[in-house]
Amino acid sequence: MSQLSQNTEKPSLNPEQWVDKYGDYLYNFALGRLRNSTNAENAVQETLLAAFQSINSFSGKSTERTWLIGILKHKIIDHFRKNYREKPVTDITGDEQAIDQFFDRTTHLKNSPKSWEFNPSQLLENKEFWGTFQNCLTKLSSNARDAFVLREVEKLDGKEVCKTLNISSSNFWVLLHRARLQLRECLEENWFK
Amino acid sequence: MINCKEASRLISEQLEHPLSTHKRILLKMHLFLCKACAQVAKQLSSLNELLSKKAKSEEPPLTSCNSHLSDEAKQRMKDQLKKNKT
Ligand SMILES: [Zn+2]
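Residue numbers (my numbering), protein chains in the order written: chain A, 1421 to 1613; chain B, 849 to 934.
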């Protein structure tokens, strides 16, 4: 992906070229969030069509790729909204039980946490670390994962996440709590060991 | 005194919004006495910070699937775009 140029020229008026130039990048971005290849493909297609229709809104201030990603993010949120409206979260007992699993009978954490020593700017650039992070996310329940991704990766406001996922704020907090405990443990086992 | 499970719930809640005075004091007391939870609090806030920085960077997270659109999918998209052009 790194060969994509960071040029700030106006988008090529030949949008079919976008498919070859950015298609795979957009697809991976969508797949990392939606986890379903059909949904990811649809999101990319909708993005390219929307981009084409609003080509005049491209100011040239950002790169073409960044502009497309901005549109794709909205399409991804639309997909979540639609999916969770059709299949609302009815029961989060599984996530509550998952939280309990991290504690022993005296309610102490089963695995005592270590001190994470790392250089933030190095870790930001470390592809291997972000691969581990992505792997750890796949081990969550899909509800907890989606809540975490929208809140902590996409940095949506909590209220907006609740609306998008069609869940109450108390359920949202349970999902986040579960996601954080599980990610913490997974990252510690697989990275900060 | 709250237990570790309660404490971890408050640690997570604290990342969402400021805690009420009562909850904040309960958590502070717990973290003062419990090394494990204090460590968890540190880890989760540094993960939080890391993700905030990553969100603003050129390379967003969750893009390392290394998957490819199928040729058919690409063709379909090109056809769609062409159709919309006219
Ligand atoms: Zn504790």
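For every residue, glycine included, the Cβ atom is placed at its ideal position computed from N, Cα and C.
These numbers were taken from a predicted model, which means no experiment stands behind them.
query, result
"Exposed unless 16 or more other CB atoms sit within 10 angstroms - verdict on methionine 877 (chain B)", "exposed"
"Isoleucine 873 (chain B): first and last residue of the uninterrupted alpha helix (DSSP H) it sits in", "869-881"
"Nearest to isoleucine 1496 (chain A) (by Cα), restricted to the options A:Leu1585, A:Val1594 and A:Leu1601", "A:Leu1585"
"Beta-carbon spacing of cysteine 885 (chain B), leucine 892 (chain B) below 7 angstroms", "no"
"CA-to-CA distance, tryptophan 1487 (chain A) to tyrosine 1447 (chain A), given in whole angstroms", "15 angstroms"
"Nearest-angstrom Cα separation, counted from lysine 1502 (chain A) out to phenylalanine 1449 (chain A)", "19 angstroms"
"Start and end residues, alpha helix (DSSP H) containing threonine 1527 (chain A)", "First-last for threonine 1527 (chain A): undefined, no H or E at that position."
"Distance, phenylalanine 1478 (chain A) Cα to proline 1435 (chain A) Cα", "13 angstroms"
"Backbone secondary structure at lysine 933 (chain B) - three-state DSSP", "helix"
"Buried or exposed by the 16-neighbour rule on C-beta atoms within 10 Å, applied to asparagine 1427 (chain A)", "Model confidence at asparagine 1427 (chain A) stands at a pLDDT of 47, short of 50, so the residue's coordinates are unreliable and nothing is read from them."
"Closer than 6 angstroms: alanine 884 (chain B) CB and nearest ligand 1 heavy atom", "yes"
"Cysteine 913 (chain B), enclosing alpha helix (DSSP H) - first and last residue", "Run containing cysteine 913 (chain B): none; DSSP gives neither H nor E here."
"Length of the line joining the Cα atoms of proline 1508 (chain A) and isoleucine 1587 (chain A)", "8 angstroms"
"Boundaries (first-last residue) of the alpha helix (DSSP H) holding threonine 1458 (chain A)", "1457-1473"
"Chain B contacts made by the region 1464-1481 of chain A, where a contact means CB separation under 9 angstroms", "Val1464, Gln1465, Leu1468, Leu1469, Phe1472 and Gln1473"
"Glutamate 920 (chain B), buried or exposed, once every other Cβ within 10 Å from all chains shown has been counted against 16", "exposed"
"Three-state secondary structure assigned by DSSP to serine 1561 (chain A)", "coil"
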